[in-house]
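Position one of the sequence shown corresponds to residue 10 (this note's numbering), numbered consecutively onward.
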Amino acid sequence: MKLAASTAMAALTAALFANPAQADFAGERIEVIVPFAPGGATDVAARFLEKYLERHLAGNPDVEVVNREGGGSILGANWFEANAEPDGLRLLFTTSSTANPYVLGQPEVEYDLASYRVAYGLPFGSVTYVSSGTGIETTEDFANAEGLIYGGIGAAASDLPTLLSFELFDVDVNSALGFTGRGPIRLSFERGETNVDFQFTPVYMTQVADSVAAGNAVALMSGGYMDADGNMTARDPAVPDLPSVYEAYSELHGEPPSGVEWDAYNAMAALTLAFGLTAYLHPETPEEIVALYADAVEKINADPEFQKEAEEVVGGYDMTSPANAEGPLRAALQPSEEVREYLIKLLADKYDVQF
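What follows is the structure, encoded as structure tokens:
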């Protein structure tokens with residue numbers, strides 16, 4: 010079945026999401042392809058979700074995580090492109106490390122991510138914070154600060170929304186890129202080698218918030234949370250006391266952010282945070298199969314064991330249903346040509362990232 014476009018098919022899609030077909034995955038084995046090495050955050054999240062998918066997918070299939078690392082996730086995603094079938098039995102579970110190269114048009118990319126169906130997702134947030142030694146207490150202080158040093162992994166990777174927020178606020182930050190992970194970056198911050206950092210909310214809440222409470226660091230803002238219109242404007246429910254980037258900018262300037270800088274941030278923050286962990290399906294996967302995943306997501310979110318364990322493992326966010334994800338995700342994966350050109354020029358001119 011080709012991806013539906015007509016009004017009649019759209020109505021059928023809505024009906025299927027509401028009332029999944031009686032087909033199920035009984036006796037089947039589902040492969041979740043993780044295009045990273047074992048032990049990383051994506052692998053941990055994929056394995057965390059295994060038992061809940063087995064418990065709540067119709068037919069209680071066997072779910073197995075399969076690692077296909079290489080090329081910063083591109084090799085595994087290319088393999089999925091060549092080997093997935095429209096039967097719902099093989100998924101690609103990945104992050105913005107796969108989405109960003111697609112958006113930016115890297116030549117090694119062979120996958121058409123925007124054409125894929127969505128099975129489920131798991132969002133997360135981010136918090137930007139600074140050393141108390143900077144004297145910064147507010148976002149206005151931050152926007153006017155000098156001598157800021159940021160540690161990151163790579164400009165085109167998960168650092169990109171944070172780097173774009175620096176552009177949005179027009180703050181002068183020296184970026185030291187090339188760290189092997191966010192753990193070493195956090196330790197560098199604690200040693201005073203850098204003085205501005207971001208961490209994803211599960212790490213922030215467990216390993217940074219105590220430092221903020223002790224007065225050693227100052228939390229400035231979250232990356233934001235997707236609103237009903239698909240924009241990253243809302244406060245992150247994991248850190249509700251912090252303004253989002255959107256809100257902090259609006260308070261500072263007396264008007265909401267706009268223009269290509271905001272559009273670029275909005276798209277990249279959506280891919281990195283709201284769709285931070287997404288399970289993709291073959292583009293021709295039938296609606297009734299996608300609906301089985303949507304039904305499982307609803308049941309997993311209501312599972313008390315999941316609610317308790319998710320608080321500890323991934324920060325307490327609910328899973329994202331394909332019924333809500335596909336439209337905003339495809340929009341983020343297909344930004345305007347103006348946004349793409351802005352991103353490519355910024356990365357080339359400021360961070361020496363060549364495509």
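C-beta atoms are modelled at their ideal positions from N, C-alpha and C, and glycine is treated no differently.
Counting C-beta atoms within 10 angstroms of its own C-beta, LEU100 has 16 or more neighbours from the protein chains shown and is therefore classed as buried. The C-alpha of SER330 lies about 19 Å from the C-alpha of GLU314.
Between PRO110 and GLY233, the alpha-carbon positions lie close to 22 Å from each other. Rounded to the nearest angstrom, the gap between the Cα atoms of GLY190 and LEU84 is 20 Å. Shown here, ILE39 sits in a strand according to DSSP, grouped into three states. Here THR287 is not near LEU251, since their CB atoms are 8 Å or more apart. Under a 10 Å Cβ-count criterion, SER345 is classified as exposed, with fewer than 16 other Cβ atoms of the shown protein chains found around its own Cβ.
When secondary structure is reduced to three states using DSSP, THR171 falls in the helix class. Rounded to the nearest angstrom, the Cβ distance from TYR125 to PRO249 is 32 Å, too far for a contact under 8 Å. Beta-bridge analysis with DSSP links TYR159 to SER184, VAL205. Measuring C-alpha to C-alpha distances from ALA54 to each of VAL322, GLY160, LEU356, THR107 identifies VAL322 as the nearest. The beta carbon of ALA128 is closer than 8 Å to those of GLY97, LEU100, ALA288, TYR289, LEU290, VAL299, TYR302, PRO331 in its chain, skipping five residues each way along the sequence. ALA166 and PHE45 have their C-alpha atoms spaced approximately 14 Å apart. The beta carbon of PHE284 is closer than 6 Å to those of GLY130, LEU338 in its chain, skipping five residues each way along the sequence. By the neighbour-count criterion, in which a residue is buried when 16 or more other Cβ atoms sit within 10 angstroms of its Cβ, PRO266 is buried. Counted as a single uninterrupted DSSP element, the beta strand (DSSP E) harbouring SER140 occupies residues 135–140. In the structure shown, THR143 adopts helical secondary structure according to DSSP, grouped into three states. When secondary structure is reduced to three states using DSSP, TYR302 falls in the helix class. For GLU347, the enclosing alpha helix (DSSP H) starts and ends at 346–360. Contact annotation: SER174 and VAL227 have beta-carbon atoms that are not nearer than 8 Å. Separation of GLU119 and ALA91 (C-alpha to C-alpha, rounded to the nearest whole angstrom) is 9 Å. With a cutoff of 8 Å on beta-carbon distance, SER231 and ASP245 are scored as near each other.
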